[in-house]
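See structure below.
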Amino acid sequence: MSKYIVCNLPINQNNEIRIAVIGEWQGHHNGAFSLSKDDLEQIKTNFDNAKVDVVIDLDHKTIYEGTGEAYGWIKELFFKEDELWAKVEWLESGLELIKTKKYKYISPVFLPNTIEQVTAQNIGWTLHSAALTNRPFMEELGEIKANNKQNQKKEKSMMTPEEQKKMDDLEAKVKELENKLKEQNEDLEKEKEKGVESEVDNAIALNKVSATQRETLIALGKANPEELKKLLSSMTAITVPNNNMYANSNNNQNNQNKLSDAELNA
12 MSKYIVCNLP
22 INQNNEIRIA
32 VIGEWQGHHN
42 GAFSLSKDDL
52 EQIKTNFDNA
62 KVDVVIDLDH
72 KTIYEGTGEA
82 YGWIKELFFK
92 EDELWAKVEW
102 LESGLELIKT
112 KKYKYISPVF
122 LPNTIEQVTA
132 QNIGWTLHSA
142 ALTNRPFMEE
152 LGEIKANNKQ
162 NQKKEKSMMT
172 PEEQKKMDDL
182 EAKVKELENK
192 LKEQNEDLEK
202 EKEKGVESEV
212 DNAIALNKVS
222 ATQRETLIAL
232 GKANPEELKK
242 LLSSMTAITV
252 PNNNMYANSN
262 NNQNNQNKLS
272 DAELNA
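Okay, so the sequence shown: first residue is 12 according to the working numbering, each after it adds one.
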């Protein structure tokens with residue numbers, strides 16, 4: 012049974028997409044594999060010799076079901092430096108899925124040991140198909156991160172000890188600055204929340220609003236501080252006389268000036 016090597020790369024609406032890069036990958040369900048410049052050239056040569064456009068289907072239905080509706084066609088393979096790229100003719104159905112961001116990745120499928128149907132010869136690496144997908148056949152996101160780390164390790168291994176120390180110091184400094192910025196943002200957020208709470212508590216103390224409305228007003232202030240200021244400034248502070256003779260009158264005036272829960276939630 013043939014081993015399908017499936018990769019996943021970000022896509023956009025352009026008609027040129029990166030289809031393969033040089034590198035080594037660990038953790039594929041068919042085992043570790045690598046692609047060299049010679050392998051990429053072999054993929055291109057076999058594509059050119061076949062003289063057949065390669066289908067771009069949806070979620071690898073060509074593999075799973077034997078056939079798959081086309082959402083695009085790979086018309087040509089070419090190199091950009093050491094990367095293998097494809098010229099794609101997108102169908103409207105494929106473009107729509109990309110434009111609406113329903114699908115984010117192009118997932119090419121490679122066969123490492125392809126048997127040529129006419130001669131029965133092993134012609135090596137070929138591009139079998141490609142797919143629009145959001146569910147990678149392998150955990151490509153993890154693989155990409157792993158490869159990036161591997162590349163960083165390779166780059167560091169080529170540095171002198173002094174250069175490596177400078178790089179490590181720089182990375183530590185960046186991390187320190189990121190942590191400080193995070194702490195500052197958290198402190199600013201806390202100060203903002205304290206300011207909102209103080210405004211609301213002051214309004215309650217001045218008898219502008221009811222204490223039962225405190226949490227609702229605080230939530231409003233966190234979401235929209237200016238709206239809270241505008242709302243509270245429109246209310247008049249009420250002073251209640253000590254003489255109980257005027258209790259009913261004062262309560263009526265108090266009720267007229269206080270925000271009702273219904274008004275606040277409106």
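Glycine is no exception: its CB is placed at the ideal position from the N, C-alpha and C atoms.
Going by DSSP, G79 is part of no beta strand (DSSP E) at all; its letter is neither H nor E.
Spanning the alpha carbons of K205 and V220 requires a straight line of approximately 18 Å. In the DSSP assignment, A97 falls within the beta strand (DSSP E) that extends over E94 to W101.
Distance from the CA of K62 to the CA of S45, rounded to the nearest whole angstrom, comes to 26 Å. Boundaries of the alpha helix (DSSP H) around T73: K72 to Y75. For N190, the enclosing alpha helix (DSSP H) covers residues P172 to A216.
Taking C-beta separations shorter than 6 Å and ignoring five residues to either side along the sequence, the partners of T125 in its chain run I134 and T137, following chain order. For the pair of segments examined, the stretch 99-114 was found to touch the stretch 81-89: the number of CB pairs separated by less than 8 Å reaches three. In the displayed model, K115 falls within coil according to three-state DSSP, outside both helix and strand. Between the alpha carbons of K186 and L106 lies a distance of about 40 Å. Check the Cα spacing between S104 and each of T227, D198, A222 and D68: the tightest is with D68. Cα atoms of Q175 and V66: separation of roughly 46 Å, rounded to the nearest angstrom. A Cβ-Cβ separation of about 6 Å places P119 in contact with A31 under the 8 Å criterion. No residue range can be given for I33, since it is assigned to no beta strand (DSSP E) and is classified by DSSP as neither H nor E. According to the DSSP secondary-structure assignment, E27 is paired through a beta bridge with K98. Taking every protein chain shown into account, the CB of S209 has fewer than 16 other CB atoms within 10 angstroms, so this residue is exposed. Counting only the Cα atoms, K203 lies some 15 Å from K193. The C-beta distance from L181 to A214 rounds to 50 Å, too long to meet the 8 Å contact threshold.
In the DSSP annotation of this structure, D68 is not part of any alpha helix (DSSP H); the continuous beta strand (DSSP E) holding it starts and ends at V65 to L69. The C-alpha of V207 lies about 19 Å from the C-alpha of T247. Residue burial annotation: V211 is buried, with at least 16 other C-beta atoms found within 10 angstroms of its C-beta.
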